[in-house]
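> Residue numbering for the sequence shown follows my numbering, beginning at 904 and increasing consecutively.
Glycine included, every Cβ here is placed at the ideal spot set by N, Cα and C.
Just so you know, these numbers come straight off a predicted model, no measurement behind them.
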Amino acid sequence: MRISLRMVLIALVVFVAIGGFISTIPSEPKATLLAESVRSGQCESGAGVSLVIDFGTSSNREVKELCVTEFESTGWDLFAAAAVSAQGTSEYPTGFVCRLDGWPTAEVQPCTKTPTAAQGSWAYFIADAGSQEWQYSGAGAAMRKPQCGAVDAWRFVEPGENVLQSMPRVEPSSFVCN
904 MRISLRMVLI ALVVFVAIGG FISTIPSEPK ATLLAESVRS GQCESGAGVS
954 LVIDFGTSSN REVKELCVTE FESTGWDLFA AAAVSAQGTS EYPTGFVCRL
1004 DGWPTAEVQP CTKTPTAAQG SWAYFIADAG SQEWQYSGAG AAMRKPQCGA
1054 VDAWRFVEPG ENVLQSMPRV EPSSFVCN
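1. In chain order, what residues of the same chain have a beta carbon less than 7 Å from the beta carbon of Glu994, not counting five sequence neighbours either side?
2. Quick one: residues in its chain with C-beta nearer than 8 Å to the C-beta of Cys1014, no 5 flanking neighbours on either side, listed in chain order?
3. Just to confirm the assignment, what range does the beta strand (DSSP E) spanning Trp1057 have?
4. Going by DSSP in three states, Asp980 sits in which element: helix, strand or coil?
5. Could you tell me if Pro1007 is buried or exposed, where buried requires 16 or more neighbouring beta carbons within 10 angstroms of its beta carbon?
6. For Cys1080, which residues in the same chain have their Cβ closer than 8 Å to its Cβ, ignoring the five residues on either side in sequence?
7. Cα-Cα, which of Ser988, Pro996, Val1011, Gly998 is closest to Asp1004?
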């Protein structure tokens, strides 16, 4: 009887260990960064998804425009594919963009809770393939899967600015893929 109990306990430990290992395997592949798959500027033709980061007027930073080729994942994964550092809030780690490439600084926004309009925040704009106009995205980056030729853009909206009137300071350069 004692041997049976010991065997059951060992089997239980093994199953728990295997379950822990399996639960750490990602359910879907994340975007991988290939040096040759990212270039400066928006994509112009062929295959690719563009990423625009507009840090706002108070940052004194240039608008960042990147082209990521061979990309098939979410808007959130586009950050990693483009080598852009992205941080969510403690409340919503991949559901709310709080900081991109170190902006705003941790002193301005600690990224523990969703920032208020008085603190400023990132706004998400999109231009689907073939569109030359920005649209405010009604969904978060983790929910969107930009298609070839699309442009995803982020604009830091300063305190007091109207989100819907704070489009990125560059035009989208989208195209239709073959």
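To lay it out plainly:
1. Excluding sequence positions up to five before and after Glu994, its CB lies within less than 7 Å of the CB of Lys1016, Thr1017, all in the same chain and listed in chain order.
2. Only residues of its own chain outside the window of five on either side were considered, and among them Gln990, Gly991, Thr992, Ser993, Cys1001, Arg1002 have a CB closer than 8 Å to the CB of Cys1014, listed in chain order.
3. That run of the beta strand (DSSP E) goes 1054-1060.
4. Shown here, Asp980 sits in a helix according to DSSP, grouped into three states.
5. Pro1007 is buried by the Cβ-count criterion.
6. Taken in chain order, the residues that qualify are Gly949, Ala950, Ala1032, Gln1050, Cys1051, Gly1052.
7. Here the closest residue by C-alpha is Ser988.
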